[in-house]
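Remarks on the structure that follows.
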Amino acid sequence: MYALIDCNNFYASCERVFRPSLRNKPIVVLSNNDGCVVARSNESKALGVKMGVPIFQINDIVKQHSIVVCSSNYTLYGDLSNRVMTLIKQFSPDVEVYSIDEAFLKFQNHKYANLDEIGLEMHRIVKKGVGIPISIGFAPTKALAKVANKIAKKFPERTKNYYIIDNEEKRIKALKWTKIEDVWGIGRQFSKRLQSIGVINAYQFTQLSDSYVRKYYTVVGLRLKKDLEGEPTINFEDIKPKQNIATTRSFDVMMKTQDELRERVSTFASLAGVKLRSQNSNCELIQVFIYTNRFRQDLPQYSGYKTVKLPFPTSSTFELNKYAQMALNSIYKDGYSYKKAGVILMGISQDETQQLSMFEYENPKHKVLMNVLDKLNIKMGEKVKFGGQDLKRKWKMKQDSLSPCYSTNLKDIITINC
Amino acid sequence: MKVRNINSVTLEFLKSDLTSINEVPFFDEGISAGFPSPADDFQELKISFDKEVFGTSPSTIFCTRVSGSSMEGAGISNNDIIAVDRLLDPEDGDIAVCLIHDEFTLKRLKVDKDCIWLMPENDNYKPIQITDNESFQIWGIVINTLKFHRKRK
Numbered sequence: 001m002y003a004l005i006d007c008n009n010f011y012a013s014c015e016r017v018f019r020p021s022l023r024n025k026p027i028v029v030l031s032n033n034d035g036c037v038v039a040r041s042n043e044s045k046a047l048g049v050k051m052g053v054p055i056f057q058i059n060d061i062v063k064q065h066s067i068v069v070c071s072s073n074y075t076l077y078g079d080l081s082n083r084v085m086t087l088i089k090q091f092s093p094d095v096e097v098y099s100i101d102e103a104f105l106k107f108q109n110h111k112y113a114n115l116d117e118i119g120l121e122m123h124r125i126v127k128k129g130v131g132i133p134i135s136i137g138f139a140p141t142k143a144l145a146k147v148a149n150k151i152a153k154k155f156p157e158r159t160k161n162y163y164i165i166d167n168e169e170k171r172i173k174a175l176k177w178t179k180i181e182d183v184w185g186i187g188r189q190f191s192k193r194l195q196s197i198g199v200i201n202a203y204q205f206t207q208l209s210d211s212y213v214r215k216y217y218t219v220v221g222l223r224l225k226k227d228l229e230g231e232p233t234i235n236f237e238d239i240k241p242k243q244n245i246a247t248t249r250s251f252d253v254m255m256k257t258q259d260e261l262r263e264r265v266s267t268f269a270s271l272a273g274v275k276l277r278s279q280n281s282n283c284e285l286i287q288v289f290i291y292t293n294r295f296r297q298d299l300p301q302y303s304g305y306k307t308v309k310l311p312f313p314t315s316s317t318f319e320l321n322k323y324a325q326m327a328l329n330s331i332y333k334d335g336y337s338y339k340k341a342g343v344i345l346m347g348i349s350q351d352e353t354q355q356l357s358m359f360e361y362e363n364p365k366h367k368v369l370m371n372v373l374d375k376l377n378i379k380m381g382e383k384v385k386f387g388g389q390d391l392k393r394k395w396k397m398k399q400d401s402l403s404p405c406y407s408t409n410l411k412d413i414i415t416i417n418c
Numbered sequence: 001m002k003v004r005n006i007n008s009v010t011l012e013f014l015k016s017d018l019t020s021i022n023e024v025p026f027f028d029e030g031i032s033a034g035f036p037s038p039a040d041d042f043q044e045l046k047i048s049f050d051k052e053v054f055g056t057s058p059s060t061i062f063c064t065r066v067s068g069s070s071m072e073g074a075g076i077s078n079n080d081i082i083a084v085d086r087l088l089d090p091e092d093g094d095i096a097v098c099l100i101h102d103e104f105t106l107k108r109l110k111v112d113k114d115c116i117w118l119m120p121e122n123d124n125y126k127p128i129q130i131t132d133n134e135s136f137q138i139w140g141i142v143i144n145t146l147k148f149h150r151k152r153k
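Listed in order, the protein sequences are those of chains F and Z.
Per my numbering: the first sequence ends with 418, consecutive numbering throughout.
Per my numbering: the second sequence ends with 153, consecutive numbering throughout.
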């Protein structure tokens with residue numbers, strides 16, 4: 001038996017833990033640099049605020065309904081997420097933290113466990129202990145646990161925040177209730193194609209023949225179908241290292257010179273390199289892109305990107321940066337004000353399956369050096385940097401409505417009057 | 001609710017994320033003057049202040065700063081830092097962080113037959129009776145008080 005624990009409106013809930021006056025009020029949380037809406041409380045959803053909408057486009061609604069606007073505070077969300085995950089780990093030794101606000105639990109001997117009691121207790125200790133409301137879905141497979149979770153979330157009073165799919169009748173009813181586009185792992189493309197052949201809900205998807213699903217939706221689609229039928233095919237072990245690693249940012253001010261962009265691209269390549277090495281991978285392709293601000297139609301617009309194939313798979317920041325700069329040189333154009341840039345690593349392979357090149361290969365010292373560098377930076381806190389990165393300048397994100405780090409910084413803790 | 005930024009306090013607090021435990025040696029039988037006891041070489045008892053303050057599961061404990069003097073009789077003064085456990089069930093006599101109409105306050109709980117009293121520990125303040133009409137919630141129970149008698153640089 002699996003359980004999927006999902007924190008309800010997680011970012012908005014985090015903002016409420018130390019600001020109880022925000023309860024029942026509409027909240028939106030903005031992306032890095034306060035660009036667009038990345039999280040909404042139920043009250044904001046009810047007001048029709050859409051996910052991903054740029055904040056300046058909804059200024060009127062924000063004013064009219066006194067919507068509370070928050071910059072994203074990942075320090076706060078990360079700490080509260082860790083606390084939630086630590087609490088739920090008491091219930092099973094098999095926990096897969098799936099994202100900042102979601103985790104799967106596996107119950108090996110579920111026949112001896114009282115899932116009703118577990119559901120109630122899990123909700124109680126997370127709500128009371130951390131202040132975050134959660135929904136829990138129990139089911140024999142991960143995809144069904146997702147469906148059960150949606151039911152728990154949709155009908156909190158009837159389900160007491162947890163729902164168990166433990167028989168055929170419940171499974172079929174739940175799948176008929178689930179729209180095809182809401183099924184875990186069904187992308188927009190897949191759901192459109194399925195809708196065009198009359199598959200509107202998850203149950204209809206499971207009624208397609210295995211061979212048909214295999215043919216049109218690959219082995220991934222087939223495994224999803226089996227999982228929805230109650231046959232576990234998506235295991236804990238199936239989490240693969242990321243196939244693309246991206247580091248991209250909007251700038252707080254526009255950049256006009258290549259020197260400024262060079263420094264940013266160097267920093268992004270360096271950050272992406274850290275992520276790449278943390279999953280013991282190498283990459284063969286590096287893409288760099290730069291954009292002007294598309295909302296400033298009064299300024300000339302340009303966007304450029306370039307993908308470079310590396311001579312050998314590598315995770316060395318020296319190599320990544322060298323080729324990232326080559327890419328930047330080929331796309332940079334003078335006379336524009338740039339608002340965003342990014343570095344994307346692709347063609348990712350694992351260290352143990354690395355293909356060696358016949359003529360060109362990585363300096364073996366790089367691997368050792370990078371290893372030492374990563375350890376130093378983890379221990380000392382980003383002290384060692386590369387020459388291309390600006391050592392003095394601190395890049396700041398636009399965070400006009402940032403809440404304090406209530407739970408991790410002594411200067412930011414709340415004050416209780418007495 | 002106010003969130004105060006006290007820039008003059010720069011010391012680093014024992015973090016609730018106990019990835020590293022600070023332990024202080026504890027000499028069970030006191031420390032004698034003169035020749036050191038050979039037993040000192042084998043002392044294994046240690047005090048962990050992190051564990052003492054936050055217990056062994058710190059996930060539900062939050063630090064808050066106190067402003068005001070109504071709890072001085074309980075040894076909690078203005079600017080002290082208190083550790084609050086949100087998961088503990090309140091009991092009569094606990095010192096609790098309470099929410100009244102979305103405002104935080106700190107008082108000792110006195111549970112009567114049919115109502116709750118929030119008791120100050122300073123004669124200059126009056127007890128607060130919580131009636132049924134009141135929007136009231138116990139946010140957490142105070143488990144520790146930390147006093148900083150000297151600001152560190």
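Beta carbons: idealized from backbone N, C-alpha and C, even for Gly.
Note that this is a predicted model, so its numbers are computed, not measured.
Where does the unbroken beta strand (DSSP E) through residue i begin, and where does it stop?
| i | result |
| --- | --- |
| residue 135(F) | 134-139 |
| residue 311(F) | 303-314 |
| residue 117(Z) | 116-119 |
| residue 137(Z) | 136-146 |
| residue 108(Z) | 103-111 |
Rounded to the nearest angstrom, what separates residue i and residue j at their Cα positions?
| i | j | result |
| --- | --- | --- |
| residue 68(F) | residue 146(F) | 30 angstroms |
| residue 156(F) | residue 172(F) | 20 angstroms |
| residue 81(Z) | residue 122(F) | 29 angstroms |
| residue 340(F) | residue 292(F) | 7 angstroms |
| residue 399(F) | residue 116(F) | 42 angstroms |
| residue 3(F) | residue 133(F) | 16 angstroms |
| residue 77(F) | residue 211(F) | 44 angstroms |
| residue 136(Z) | residue 65(F) | 26 angstroms |
| residue 321(F) | residue 89(F) | 40 angstroms |
| residue 194(F) | residue 225(F) | 13 angstroms |
| residue 87(Z) | residue 376(F) | 37 angstroms |
| residue 70(F) | residue 63(Z) | 23 angstroms |
| residue 153(F) | residue 336(F) | 47 angstroms |
| residue 30(F) | residue 401(F) | 9 angstroms |
| residue 373(F) | residue 268(F) | 16 angstroms |
| residue 221(F) | residue 412(F) | 47 angstroms |
Applying the criterion that 16 or more other CB atoms from any shown protein chain within 10 Å of the CB defines a buried residue, is residue i buried or exposed?
| i | result |
| --- | --- |
| residue 283(F) | buried |
| residue 167(F) | exposed |
| residue 73(F) | buried |
| residue 79(F) | buried |
| residue 433(F) | Summary: the structure shown does not reach residue 433(F), with chain F confined to residues 1 through 418, and so no result is reported for it. |
| residue 403(F) | buried |
| residue 296(F) | exposed |
| residue 13(F) | buried |
| residue 161(F) | buried |
| residue 420(F) | Because chain F is modelled from 1 through 418, residue 420(F) falls outside the range shown and cannot be assessed. |
| residue 115(Z) | exposed |
| residue 330(F) | exposed |
| residue 123(Z) | exposed |
| residue 70(Z) | buried |
| residue 46(F) | exposed |
| residue 178(F) | buried |
| residue 216(F) | exposed |
| residue 227(F) | buried |
How would you write the range of the alpha helix (DSSP H) that residue i sits in, first residue to last?
| i | result |
| --- | --- |
| residue 262(F) | 258-278 |
| residue 116(F) | 115-129 |
| residue 329(F) | 317-331 |
| residue 203(F) | 202-206 |
| residue 85(F) | 74-88 |
Give the single residue among the options whose Cα lies nearest to the Cα of residue i.
| i | options | result |
| --- | --- | --- |
| residue 302(F) | 220(F), 226(F), 289(F) | 289(F) |
| residue 251(F) | 244(F), 265(F), 245(F), 243(F) | 265(F) |
| residue 89(Z) | 148(Z), 147(Z), 138(Z) | 138(Z) |
| residue 262(F) | 35(F), 385(F), 325(F), 139(F) | 325(F) |
| residue 140(Z) | 46(Z), 47(Z), 109(Z) | 109(Z) |
| residue 304(F) | 59(F), 417(F), 343(F), 406(F) | 343(F) |
| residue 132(Z) | 66(Z), 84(Z), 117(Z) | 117(Z) |
| residue 204(F) | 174(F), 185(F), 188(F) | 174(F) |
| residue 332(F) | 257(F), 276(F), 315(F), 272(F) | 257(F) |
| residue 63(F) | 28(F), 300(F), 180(F), 209(F) | 28(F) |
| residue 126(F) | 140(F), 82(F), 151(F), 113(F) | 82(F) |
Mind checking whether the beta-carbon of residue i lies closer than 6 angstroms to any heavy atom of the ligand MN?
| i | result |
| --- | --- |
| residue 47(F) | Absence of the ligand MN is noted for the structure shown, with no ligands found whatsoever. |
Counting Cβ pairs, one atom from each stretch, are 3 or more of them under 8 angstroms apart for the segment 54-63 of chain F and the segment 27-40 of chain F?
When Cβ pairs closer than 8 angstroms are counted between the two stretches, the segment 54-63 of chain F is seen to touch the segment 27-40 of chain F, the count reaching three or more.
Determine, using beta-carbon pairs with one atom in the segment 79-96 of chain F and one in the segment 95-103 of chain Z, whether at least three such pairs fall under 8 angstroms.
In this structure the segment 79-96 of chain F does not lie against the segment 95-103 of chain Z, because fewer than three pairs of beta carbons, one per stretch, are closer than 8 angstroms.
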